[in-house]
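Asker: In terms of the working numbering, the sequence shown is residues 834 to 1008. Ideal Cβ positions, reconstructed from N, Cα and C, are used throughout, including at glycine.
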Amino acid sequence: MQDLDIFLAHLRSARQKLAVRSSVLDTPKLTPAEREVLTTLGIEDDPNSQFPISEALAIQEMLVETSLPVEDVAGLTGIRPAELHERLEDGRLLGVWMNGDCWRILGFQITEAGLLPGLDMALHVIAKDTSPIAIWAFFSTPQPRLIRRGRMVAPVEWLAFGGDPEVVTDLARSL
């Protein structure tokens, strides 16, 4: 837990420094530990990215804070840790590789009944270089083709309530 706390502290510090810079030309002074956290998360300060860097860091912070160790997910889902590792490495499950020695699985993929049904089908068609933030944004944003009880829902809700995973998989192809 201490490693996670240290990781999150560096992430928060980097996010705060990047949020207060006064112009695009200013380069914030990040410590080596803060830079390492950004590199670990695959975040670059790209002005053309889908999210501004400070917003991306806030989302990453939330994703890391709500992530779970592989062993905990194994206990919740009944899936062996080795199989969860295989899914993470194959891109059929999203996680954060922490401090170069352990995976944490992003929490939005886990329901009370286990892993989100159909998630692996949708993740399979998403390009491997797509950022976890873009994937999370897709799964958490209501989509016009996903209507449940007369309202648009996000893919996470659609899948959690037994919606057809093929529809989400089809939408995920455009990511």
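Using a Cβ-Cβ cutoff of less than 8 Å, which residues in the same chain neighbour G995 once the five nearest sequence positions on both sides are dropped?
Answerer: Your numbering for residue 995 matches position 162 in the sequence shown. P950.
Asker: Indicate whether the contact test is met: 3 or more Cβ pairs, each with one atom in the segment 981–993 and one in the segment 901–920, closer than 8 Å.
Answerer: Counting Cβ pairs under 8 Å, fewer than three are found: no touch.
Asker: Let's test the definition: count the other Cβ atoms within 10 Å of the Cβ of P965 and tell me whether it reaches 16, buried, or not, exposed.
Answerer: Position 132 of the sequence shown, counted from the start, is the residue given in the question as residue 965. By the neighbour-count rule (16 or more Cβ atoms within 10 Å), P965 is buried.
Asker: Do V929 and V897 have their C-beta atoms closer together than 8 Å?
Answerer: Here residue 929 corresponds to residue number 96 of the sequence shown, with the count starting at 1. Here residue 897 corresponds to residue number 64 of the sequence shown, with the count starting at 1. Result yes, Cβ atoms of V929 and V897 sit closer than 8 Å.
Asker: Tell me the start and end of each unbroken alpha helix (DSSP H) in the segment 916–978 that is at least 4 residues and wholly inside, in chain order.
Answerer: 952–958 and 965–973
Asker: So, helix, strand or coil for I912, using DSSP?
Answerer: The count along the sequence shown starts at 1 and reaches residue 912 at position 79. In this structure, I912 counts as coil in the three-state DSSP scheme.
Asker: Rounded to the nearest angstrom, how far is the Cβ of T1002 from that of M931, given a contact under 8 Å?
Answerer: Looking up residue 1002 in the sequence shown gives position 169. Looking up residue 931 in the sequence shown gives position 98. About 29 Å; that fails the 8 Å criterion.
Asker: Please state whether the Cβ-Cβ distance between S973 and A987 is less than 8 Å.
Answerer: Residue mapping note: residue 973 aligns to position 140 of the sequence shown, counting from 1. Residue mapping note: residue 987 aligns to position 154 of the sequence shown, counting from 1. For S973 and A987, yes; Cβs fall inside 8 Å.
Asker: Could you give the distance in angstroms between the alpha-carbon of I886 and the alpha-carbon of Q893?
Answerer: Stepping through the sequence shown from its first residue, residue 886 is reached at position 53. Stepping through the sequence shown from its first residue, residue 893 is reached at position 60. Each residue's Cα considered, the two are about 10 Å apart.
Asker: Assign A1057 to buried or exposed, taking buried as 16 or more other Cβ atoms, counted over all protein chains shown, within 10 Å of its Cβ.
Answerer: Lying outside 834 to 1008, the shown extent of the chain, residue 1057 is not represented and no answer is given.
Asker: By DSSP's criteria, M985 is part of a beta bridge. Which residues make up the other side?
Answerer: The residue given as residue 985 occupies position 152 in the sequence shown. In the DSSP output, where bridge partners are listed per residue, M985 has I980.
Asker: So, is R913 buried or exposed, given that buried needs 16 or more other C-beta atoms within 10 angstroms?
Answerer: For the purposes of this step, residue 913 is identified with residue 80 of the sequence shown, where counting begins at 1. With fewer than 16 other Cβ atoms within 10 Å, it is exposed.
Asker: Give the single residue among T963, I968, E999 and D962 whose Cα lies nearest to the Cα of R978.
Answerer: Here the question's residue 978 lines up with position 145 in the sequence shown. Considering only alpha carbons, the answer is E999.
Asker: Taking the alpha-carbon positions, what's the R845 to A891 distance?
Answerer: To locate residue 845, count along the sequence shown from 1; it is residue 12. To locate residue 891, count along the sequence shown from 1; it is residue 58. Roughly 8 Å between the two C-alpha positions.
Asker: For L927 versus L939, is the C-beta spacing smaller than 8 Å?
Answerer: What you label residue 927 is simply residue 94 of the sequence shown in a count that begins at 1. What you label residue 939 is simply residue 106 of the sequence shown in a count that begins at 1. Yes, the Cβ-Cβ distance between L927 and L939 is below 8 Å.
Asker: Run through DSSP, which three-state label would L901 get?
Answerer: Along the sequence shown, one-based indexing puts residue 901 at 68. Strand at L901.
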